[in-house]
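Participant: First the structure, then my questions, so here it is.
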Amino acid sequence: MFQIDYTRTAIAFTLMALFIMAIGHCFAFYALRRPRYIIKRLAALLHFMTAACLLVLNEVFIKTVDHEKKSMPDRIPLESDTRYGYSFILSWIVFVLFILAGLIFLFMSHKKKPEYTDGNEAIEDEPVEIFRR
Numbered sequence: 005m006f007q008i009d010y011t012r013t014a015i016a017f018t019l020m021a022l023f024i025m026a027i028g029h030c031f032a033f034y035a036l037r038r039p040r041y042i043i044k045r046l047a048a049l050l051h052f053m054t055a056a057c058l059l060v061l062n063e064v065f066i067k068t069v070d071h072e073k074k075s076m077p078d079r080i081p082l083e084s085d086t087r088y089g090y091s092f093i094l095s096w097i098v099f100v101l102f103i104l105a106g107l108i109f110l111f112m113s114h115k116k117k118p119e120y121t122d123g124n125e126a127i128e129d130e131p132v133e134i135f136r137r
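Residues 5 to 137 (our numbering) are what the sequence shown spells out, left to right.
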């Protein structure tokens, strides 16, 4: 009989979340060093993508426990009491924190008006026209 195993799904989304999280933090630190609006928006998008991966991981964990309790009595007996521990609660807290970090980067990513910036930042945010004569 074919048995569903969620282990590969959990491993794949864990690796994706860690990779996206690392890239998101790199862009966030770069945005703090060089405040460009497009970098902040990219950091916000990466934080939202990390939160989405964490949401999928939490759902996979819930479905894994339910499936193993119903279909695999050798792993989790039917009469056993299952509880989610501190790590499950911590993963939901981290999910909310990544959503909040994404919202903060998104709301703080507006363009500065030229009169409120120094000369270099105003020039850097201007579009560059490249053409030949």
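All C-beta atoms in this analysis are idealised placements derived from N, C-alpha and C, irrespective of residue type, glycine included.
Please classify M76: is it buried, with 16 or more other beta-carbons within 10 angstroms of its beta-carbon, or exposed?
Facilitator: On the sequence shown, residue 76 is found 72 positions in, with the first residue counted as 1. Exposed, because fewer than 16 other Cβ atoms sit within 10 Å of the Cβ of M76.
Participant: Between F99 and the rest of its own chain, which residues show a CB-CB distance below 8 Å, the 5 nearest in sequence each way excluded?
Facilitator: Walking along the sequence shown from the start, residue 99 turns up at place 95. Cβ neighbours of F99 beyond the five flanking positions: A55, L58, L59 and N62.
Participant: Going by DSSP, what residue range makes up the alpha helix (DSSP H) through M76?
Facilitator: Start at 1 with the first residue of the sequence shown, and residue 76 comes out as number 72. Premise fails: M76 is in no alpha helix (DSSP H) and is neither H nor E.
Participant: How about the segment 37–52 and the segment 100–115: do they share at least three Cβ pairs that are nearer than 8 Å?
Facilitator: Touching, yes, given that three or more Cβ pairs across the two stretches are closer than 8 Å.
Participant: Considering only residues of the same chain and omitting the five flanking positions on each side of A14, which have a CB-CB separation below 6 Å?
Facilitator: Walking along the sequence shown from the start, residue 14 turns up at place 10. Taken in chain order, the residues that qualify are V64.
Participant: Check for me: the alpha helix (DSSP H) holding F17 runs from which residue to which?
Facilitator: For the purposes of this step, residue 17 is taken as the residue at position 13 of the sequence shown. Start and end: T11 to R37.
Participant: Leaving aside the five residues before and after G28 along the sequence, list all residues of the same chain whose C-beta is less than 8 Å from its C-beta, in chain order.
Facilitator: Indexing the sequence shown from 1 puts residue 28 at position 24. Around G28: A47, L50, H51, M53 and T54.
Participant: Taking Cβ to Cβ, would you say T86 is nearer than 8 Å to Y10?
Facilitator: Residue mapping note: residue 86 aligns to position 82 of the sequence shown, counting from 1. Residue mapping note: residue 10 aligns to position 6 of the sequence shown, counting from 1. Not in contact: T86 and Y10 (Cβ atoms no closer than 8 Å).
Participant: For G89, name the three-state secondary structure that DSSP assigns.
Facilitator: By one-based count along the sequence shown, residue 89 stands at place 85. DSSP places G89 in coil when its eight states are reduced to three.
Participant: Between the alpha carbons of R37 and S113, how many angstroms are there, rounded?
Facilitator: As a working note, residue 37 is residue 33 in the sequence shown. As a working note, residue 113 is residue 109 in the sequence shown. R37 and S113: Cα-Cα distance of roughly 14 Å.
Participant: What does the alpha-carbon distance come out to for the pair I97 and S84?
Facilitator: Stepping through the sequence shown from its first residue, residue 97 is reached at position 93. Stepping through the sequence shown from its first residue, residue 84 is reached at position 80. Straight-line Cα distance between these residues: approximately 27 Å.
Participant: Can you find the residues in the same chain that come closer than 7 Å, C-beta to C-beta, to Y34, ignoring five residues on each side of it along the sequence?
Facilitator: Taking the first residue of the sequence shown as 1, we reach residue 34 at position 30. Hits under 7 Å: I43.
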